[in-house]
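> Below is the structure I would like to discuss, written out as structure tokens.
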Amino acid sequence: MRCWSNTLGCEFNEKQDLAYNVRRAIPEHLEIFQQWRHDADRYRSERLDALIDLEYGPDPRHRLDLFPAIGQKAGESSPLAIVIHGGYWQALDKADNRHVCRSLCDAGWTIALLNYRLCPAVNIGDICDDVEAATHWLVHKQQEWSLDCTDIAVIGHSAGAHLAAMLACRFAEPLHALGARIGSLALVSGVFELECLIGTRMNERLSLNPSSANRWSPSRYDPPRAIRVDSTVGERETHGFFDQQLCLADAWRSKVDWS
């Protein structure tokens, strides 16, 4: 995949900025966010058994929600799915995405919705560490919460898809040592090659340079070979996201069960 960059990694490039400016491409994005929150709040009100704002670390953003599988019987374990929200690593909240748990919980999954620290207070590498810490905490709590962590699914949208892919690449061996594994990824409109963001306005808050963009790009890592990957792009996304899909496919297709 080719995208604009330079040796300094700081010059603005309007073409690259437009390629990743989703809010400009979708003028009604605020109404969409409001509908998400309405649906999320409604599902939260229906699930009195949900565990909200569990602390997996010391920062106020180190919180997760746990929505148990529907119909889970006492003494039984349910498979775990981890859902990571988007927002270009600098916005949104797990509370905006609680409604996505409905169909998954109905299908027998217990869902963990993660919050994490946001840029510019921290960098993307710190956020990757947060997601790993939350996953480690969940695995250690699996008996307490009746979780089966032998085939974890990780689901992410936008920045959340990036974080899901990074989790699978960087955290496979530590999970294996704990008797757990990530078995599948579901990636929606992800960003997998961060060099393409260096010339955008959002980089004022992300502070990416060529070195850090390379270090935090999932496309530069080998994924676990046994993992299943489903990756898709929203039909109204800007062309940058379709390029990102092709980038990850080129990097991973021969190494994973890709669909």
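The numbers in my numbering rise by one with no breaks, and the one at position 29 of the sequence shown is 30.
Cβ coordinates follow ideal geometry from the N, Cα and C atoms, glycine included.
All of these numbers come straight from a predicted model, not from anything done at the bench.
Along the chain, where does the alpha helix (DSSP H) that runs through Glu32 open and close?
Position 31 of the sequence shown, counting from 1, holds the residue named residue 32. Unbroken alpha helix (DSSP H) run through Glu32: His30 to Glu47.
> Between the Cα of Arg226 and the Cα atoms of Ser255, Glu47, Ala134 and Glu29, which residue gives the shortest distance?
Counting from one through the sequence shown, the residue named residue 226 turns up at place 225. Comparing Cα positions, the closest option is Ser255.
> Please identify the residue among Ala154, Asp258 and Thr239 whose C-alpha is closest to the C-alpha of Tyr21.
Position 20 of the sequence shown, counting from 1, holds the residue named residue 21. Of Ala154, Asp258 and Thr239, the residue nearest in Cα terms is Thr239.
> For the segment 152 to 197, list the alpha helix (DSSP H) runs that are entirely contained and at least 4 residues long, ordered along the chain.
160 to 171 and 173 to 178
> Ends of the beta strand (DSSP E) at Ile85?
Numbered from its first residue, the sequence shown carries residue 85 at position 84. Element bounds for Ile85: Ser79 to Ile85.
> Can you name the start and end residues of the beta strand (DSSP E) that Leu52 belongs to?
Taking the sequence shown and counting its residues from 1, the one referred to as residue 52 is at position 51. Where Leu52 is concerned, the enclosing beta strand (DSSP E) starts and stops at Leu52 to Glu56.
> Going by DSSP, what residues sit across from Trp259 in a beta bridge?
Looking up residue 259 in the sequence shown gives position 258. BP columns for Trp259 point to Val230.
> From this set, Asp40, Cys197, Leu67 and Ile27, which residue's C-alpha is nearest Trp138's C-alpha?
Sequence index remark: in the sequence shown, residue 138 carries index 137 (1-based). Minimum Cα distance to Trp138 is reached at Leu67.
> Would you grab the beta carbon distance between Ala262 and Ile199 for me? Rounded to a whole angstrom, and I think it's under 8 angstroms.
Lying outside 2 to 260, the shown extent of the chain, residue 262 is not represented and no answer is given.
> According to DSSP, is Arg1 helix, strand or coil?
No answer is possible for residue 1: it lies beyond the span of the chain, which begins at 2 and ends at 260.
> In angstroms with no decimal places, state the Cα-to-Cα distance between Glu205 and His63.
Position 204 of the sequence shown, counted from the start, is the residue given in the question as residue 205. Position 62 of the sequence shown, counted from the start, is the residue given in the question as residue 63. For Glu205 and His63, the distance between alpha carbons rounds to 24 angstroms.
> So, with DSSP's three-state summary, where would you put Leu247?
Taking the first residue of the sequence shown as 1, we reach residue 247 at position 246. In this structure, Leu247 counts as helix in the three-state DSSP scheme.
> Quick one, which of Tyr57, Met203 and Asn210 has its alpha-carbon nearest Arg24's?
Start at 1 with the first residue of the sequence shown, and residue 24 comes out as number 23. Of the candidates Tyr57, Met203 and Asn210, the one whose C-alpha sits nearest the C-alpha of Arg24 is Met203.
> Quick one: what does DSSP say Cys120 is sitting in, helix, strand or coil?
Looking up residue 120 in the sequence shown gives position 119. Here Cys120 sits in coil by DSSP.
> CB of Thr233 to nearest heavy atom of the ligand MN: below 7 angstroms?
For the structure depicted, the ligand MN is absent and the ligand set is empty, with no information on it obtainable.
> Can you give me the start and stop residues for the beta strand (DSSP E) that Ala113 sits inside?
As a position in the sequence shown, residue 113 is number 112, starting the count at 1. Start and end: Thr111 to Leu115.
> Taking Cβ to Cβ, would you say Arg182 is nearer than 8 angstroms to Ile156?
Working through the sequence shown from its first residue, we reach residue 182 at position 181. Working through the sequence shown from its first residue, we reach residue 156 at position 155. In this structure, Arg182 lies away from Ile156, with their beta-carbon atoms at least 8 angstroms apart.
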